[in-house]
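Scroll down for the structure; my scribbles are underneath it.
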Amino acid sequence: MADRLRLRDAGREDLRLVLRFIRALAEYERLAHEVRADEATLARFLFEEPRRAEALIAEWDGEPVGFAVWYYSFSTFIGRPSLYVEDVFVDPALRGKGIGTAIFGHLASRALAQGCGRMEWSVLDWNAPSIAFYRAIGAKPREGWTLQQLTGDALAALAARQG
């Protein structure tokens, strides 16, 4: 597999490809209606300072077949950064070849090199194949916690209260 798979950092020249993978992931997750990203926005946050996220491209036999996007947060309890995996996608035709495992292994190595105490990500509760994959690589759910978020009007309204 090592001679067929290459993981590389995404560059500006990959913006269209990253956006294509984002849309493919959104289709798979039945969330295509939520995609607002465009190349200009991705360029700003992935490649301009301060960078807010990083991306990699997975290539199989020289062809792009997947991607990952991640960023770093900080855990006050463990006193160390965390690597948060925002998205990972592998072309469905190439799943089962170890590409996803290689991507997560690569990100785990990066997390350790950056002094991270953990890696985290979210998964849709109906996505049994992904959940099974995560269990197979040793991941466990964070019991007792649920993800919360503010978006759109609620985010703007709360910010406006700060005047």
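Going left to right, the sequence shown walks through residues 1 to 163 as the numbering used here numbers them.
C-beta atoms are modelled at their ideal positions from N, C-alpha and C, and glycine is treated no differently.
Just so it is clear, the structure is predicted and the values come from calculations on it, not from any experiment.
- Task: Write down every uninterrupted run of the beta strand (DSSP E) in the region 10-66 whose length is 3 residues or greater and which is fully enclosed by it, in chain order.
- Result: Whole beta strand (DSSP E) segments, 3+ residues: 54-60.
- Message: Can you find the residues in the same chain that come closer than 7 Å, C-beta to C-beta, to Asp14, ignoring five residues on each side of it along the sequence?
- Response: The beta carbon of Asp14 is closer than 7 Å to those of Ile57 in its chain, skipping five residues each way along the sequence.
- Message: Once the 5 residues before and after Leu42 are set aside, which same chain residues still bring their CB inside 7 Å of it?
- Response: Leu15, Val18 and Leu19
- Item | Ala10 versus Arg161 - alpha carbon distance | 38 Å
- Task: May I have a chain-ordered list of the alpha helix (DSSP H) segments no shorter than 4 residues that lie completely inside the region 69-149?
- Result: 99-113 and 128-136
- Relative to the alpha-carbon of Glu54, which residue among Asp87, Leu155, Ala156 and Tyr28 has its alpha-carbon at the smallest distance? When each option's Cα is compared against that of Glu54, the closest is Asp87.
- State the start and end residues of the unbroken alpha helix (DSSP H) segment that holds Asp3. No alpha helix (DSSP H) holds Asp3; DSSP gives it neither H nor E.
- Query: Would the beta-carbon of His106 fall within 8 Å of that of Leu25?
  - Reply: no
- Query: What do you get for Gly96, buried or exposed, if any count of 16 or more other CB atoms within 10 angstroms of its CB means buried?
  - Reply: exposed
- Message: Alpha carbons only, please: which of Thr101, Ile78, Leu112 and Ser122 is nearest the one belonging to Val85?
- Response: Ser122
- Query: With 16 other CB atoms within 10 Å as the buried threshold, where does Gly138 fall?
  - Reply: That one is exposed.
- Task: Can you grab the Cα-Cα spacing for the pair Ala166 / Ser130, in whole Å?
- Result: The question about residue 166 has no answer, for the chain in this structure spans 1 to 163.
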